[in-house]
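Below: the structure, in structure tokens.
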Amino acid sequence: MSSEYTVANWESKIAEIDPRLFETTAGRKALCETDPFIFALIYFTDHLKDDDGKVTFGEHHFEWFELAKNWMNPRPKPRQFRDAFLAPRASGKSTFWFTILPAWWAAFGYTKFLAAFADSAEQAERHLMTFKQEL
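Shown next as structure tokens:
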């Protein structure tokens, strides 16, 4: 799966965008509606920062943004899109799949229902609370 963004180029790609688009609601909506990456940068910057306060990404994050775009289009067959992700701790799995991407899908009406599963009730409640706080 290929993304126009990479770890090496994302900052220069963002710099190419007319900065006036970031200044208005309509501009931000136009930027974000089909681009979960820009949505994350605008609305979830604090979640994307490392311990030093710098926004960082791995290539897997750009793969996840591309996968998320599948939800923009209705699925022709039930249960067509199913994915599982294995990654080390602190690689952003929960942040992306329980907070950022569901918020993007909801903001633009790409889904009305999302089932999320966790290892324990406590973990599920934490994820849900984070999502609700962001709303």
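One rule links them: number in this note's numbering = place in the sequence shown (from 1) + 856.
Glycine included, C-beta positions come from ideal geometry on N, C-alpha and C.
Residue burial classification, Ala943 (beta-carbon count within 10 angstroms, cutoff 16): Under this definition Ala943 is an exposed residue.
Counterpart residues of Val911 in DSSP-defined beta bridges: Per the DSSP secondary-structure output, Val911 pairs in a beta bridge with Lys905.
Beta-carbon proximity check, Glu990 vs Ala946, cutoff 8 Å: Contact flag unset, no.
Element boundaries [alpha helix (DSSP H), containing Phe893]: Counting along the chain, the alpha helix (DSSP H) containing Phe893 begins and ends at Pro892 to Tyr899.
Close-in-space but distant-in-sequence residues of the same chain around Glu889 (CB under 8 Å, 5 per side omitted): Setting aside the 5 residues that flank it on each side, Glu889 is surrounded in the same chain by Phe964, each with a C-beta closer than 8 Å to its C-beta; the list follows chain order.
Span separating the alpha-carbon of Lys869 from that of Ile894: If I take the Cα positions, the gap works out to 11 Å.
CB-CB length for Phe952 against Ala972, believed under 8 Å: That pair is no contact at about 12 Å.
N-terminal and C-terminal residue of the alpha helix (DSSP H) that Ile870 is part of: It spans Trp866 to Ala871 - the alpha helix (DSSP H) in which Ile870 sits, taken as one unbroken run.
Between the CA atoms of Asn865 and Ala871 - distance to the nearest angstrom: For Ala871 and Asn865, the distance between alpha carbons rounds to 10 Å.
Residue closest to Ile898, alpha-carbon to alpha-carbon, out of Gly883, Glu919 and Met985: Closest in alpha carbon position to Ile898, among Gly883, Glu919 and Met985, is Gly883.
For Pro932 and Asp908, the rounded distance between their alpha carbons: The alpha-carbon of Asp908 is positioned some 44 Å away from that of Pro932.
As assigned by DSSP and simplified to three states, the class of Lys968: DSSP places Lys968 outside both helix and strand once states are collapsed to three, so it counts as coil.
Nearest to Lys905 (by Cα), restricted to the options Gly948, Trp961 and Asn926: Minimum Cα distance to Lys905 is reached at Gly948.
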